[in-house]
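Asker: This is the structure I want to talk about, given as structure tokens.
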Amino acid sequence: MDIRPDILAAIGDTPMVRLSRIHPPGNVVAKLESFNPGGSSKDRIGIAMIEDAEKAGLLHPGDTIVEPTSGNTGVGLAMAAVLKGYRMVAVMADKQSKEKQDLLRAYGAEVVVTPSDVAPDDPRSYYSVAAEMASRPGYFRPDQYSNPSNPAAQYASAGPEIWRQTDGRVGVFVAGVGTGGTITGIGRYLKEQNPEVVVVGADPVGSIFTAASDDQVHPYLVEGVGEDFWPKAFDTTIVDEWERISDAEAFAMTRRLVREEGILAGGSGGMALTAALRAAVRHADRLVVVHLPDGGRNYLSKIFDDGWMRTRGFEEGL
Ligand code: PMP
């Protein structure tokens, strides 16, 4: 029989698919993380951060997990919390869509909504509310931005999968950077197997990672990637090359991916793919693996909505 003991055992072993319609030379392949049961790469880190905290004595039966999160990490944590018997509280800013709140509630999480129009150090901000809760006895905050279990989980699972699935022939690895956990963990694993592997970071225009100066740091629309601070979980020395991608390029490519390859991915995946196609020209003799963190269903009312795209000036990407 081929039966998993529970849903957590269905995390990982996601497929890798060649994108030969969008890139006819054939040297670009995508790692489809939407195939994880919670729908994203963050399923890998949810259970890992919980089990590592249990081992470290930071999380005990009956405790509550609290994390400021708008999406994928919240689902990964909430799913694992169900199986592990913890309460889960997700703190979210009110600018996040109702669907995202409802999704977390569906997994049994309590959602605390905080105002978006306050400074991060305001006691009402989502960051402050989560920090205050986490300081209470019986509460644990995983904090994916500084938690070493985040890159470690990607190192331990997605890294070896990519190595195995490509028979060690991966030459370039391309991923967007949010907490940096994905690129740090997978990039480190692949470089340990073969120091020649080139790791390419994809960054939204407006994010700090590729900003030449502070005045280049500004809001942008692609979700889950880029930051306005440097997360502790991110080892910047892993990245060999950076690509800076606009919202317009990222969203147009997200649309091309489903129209030409039938792969419905999120906007950060479209951003990473834009970077990967550039890298595939620079490194034409290498196999390029691009990481697609989640699926497109979360973005039907945004990237895949013509009206939303038009009012934001992205009609060229339709
Ligand atoms: N894309 C999406 C949609 C995400 O939710 C995240 C996680 N913030 C990322 C990309 C980036 O992954 P990481 O945090 O591991 O850098």
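The numbering of the sequence shown is this note's numbering, which starts it at 276 and goes up by one. Glycine included, C-beta positions come from ideal geometry on N, C-alpha and C. Note that this is a predicted model, so its numbers are computed, not measured.
Assign Ser424 to one of two classes, buried (16 or more other C-beta atoms within 10 Å of its C-beta) or exposed (fewer than that).
Answerer: By the neighbour-count criterion, in which a residue is buried when 16 or more other Cβ atoms sit within 10 angstroms of its Cβ, Ser424 is buried.
Asker: From the beta carbon of Ile286, is the nearest beta carbon of chain B less than 8 Å away?
Answerer: The structure shown contains no chain B, having only a single protein chain.
Asker: Just to confirm my understanding: we take Gly383, look at its own chain, exclude 5 residues before and 5 after, and list those with CB closer than 8 Å. What are they?
Answerer: Ala353, Ala356, Val357, Met363
Asker: Of the residues Trp438, Phe509, Arg399, which one's Cα is nearest the Cα of Gly451?
Answerer: Phe509
Asker: Are Glu342 and Ala405 closer than 8 Å when you measure CB to CB?
Answerer: yes
Asker: Given a threshold of 16 other Cβ atoms within 10 Å of its Cβ, counted over all protein chains shown, does Lys370 qualify as buried or as exposed?
Answerer: exposed
Asker: Alpha carbons only, please: which of Gln491, Ser521, Pro568 is nearest the one belonging to Gly351?
Answerer: Pro568
Asker: Can we count Glu326 as close to the ligand PMP, meaning its CB is less than 7 Å from some heavy atom?
Answerer: No.
Asker: What are the start and end residues of the alpha helix (DSSP H) that includes Asp478?
Answerer: That residue, Asp478, is in no alpha helix (DSSP H); its beta strand (DSSP E) goes 473-479.
Asker: On a Cα-Cα basis, can you pick out the residue from Val447, Met324, Ala547 that is closest to Tyr420?
Answerer: Met324
Asker: Helix, strand or coil for Phe415? Go by DSSP, reduced to three states.
Answerer: Here Phe415 sits in strand by DSSP.
Asker: Spatial neighbours of Arg530 within its chain, please: CB distance less than 6 Å, with the 5 preceding and 5 following residues excluded, ordered by chain position.
Answerer: Gly592
Asker: Using CA atoms only, rank isn't needed, just tell me which of Gly542, Gly544, Leu532 is closest to Leu294.
Answerer: Leu532
Asker: Examine the ligand PMP and report whether any of its heavy atoms sits within less than 7 Å of the Cβ of Glu498.
Answerer: yes
Asker: How big is the Cα-Cα spacing for Glu407 and Gly588?
Answerer: 39 Å
Asker: Any chance the CB of Asn422 is under 7 Å from a heavy atom of the ligand PMP?
Answerer: Every heavy atom of the ligand PMP is 7 Å or more from the Cβ of Asn422, so no.
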